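Residues in the sequence shown are numbered consecutively from 99, following the working numbering. Even for Gly, the Cβ is constructed at its ideal location relative to N, Cα and C. These numbers were taken from a predicted model, which means no experiment stands behind them. Reading through the structure tokens given below for one structure.
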Amino acid sequence: QVQLVESGGGLVQAGGSLRLSCATSGSIFSINAMNWYRQAPGKQRELVATITSGGRINHVDSVKGRFTIFRDGAKNTVYLQMNSLKPEDTAVYYCNAYTSDYVDYWGQGTQVTVSS
């Protein structure tokens, strides 16, 4: 099993920055990809960014150039650096791990609120 613990959400003004962290533990060797998702009120959960075990990175178009997913292998932690935040980025952000045995693990979620 994989355990995920998120931190770093909060309230920020538009144009500001936040960094989310997702600390992983457990069977981290089985992780194929780490993802950040978000879910705004009344909307479906959407994939924001992915980093694979091989280092491939992808960001959804709406955050390209503003958000960056990266990892620190020594700390077994994945980050989402969010710059130039907009009110429409307001959501609960979830860390996700997808493993080699096709299992999804989720963090507890962290609230990001961007005020205009």
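In the structure shown, the three-state DSSP call for G152 is coil. Non-local beta-carbon contacts of T188 in its own chain, meaning distances under 8 Å to residues more than five positions away in sequence, involve A138, V210, T211, V212 in chain order.
Three or more beta-carbon pairs drawn from the stretch 176 to 187 and the stretch 156 to 167 are found closer than 8 Å, and the two stretches are therefore classed as touching. When S160, N133, G114 are compared, the shortest CA-CA separation from G153 is found for N133. Under the DSSP assignment, E186 falls outside any beta strand (DSSP E); it carries neither an H nor an E label. Looking at the backbone, the Cα of G171 and that of L116 are separated by about 21 Å. In this structure A112 touches S214 by the C-beta definition: roughly 5 Å separates them, less than 8 Å. The alpha carbon of A121 has as its nearest neighbour, out of N194, Y200, V201, D202, the alpha carbon of N194. Here G140 is exposed. Its C-beta has fewer than 16 other C-beta atoms within 10 Å. For G124, the enclosing beta strand (DSSP E) starts and ends at 116 to 124.
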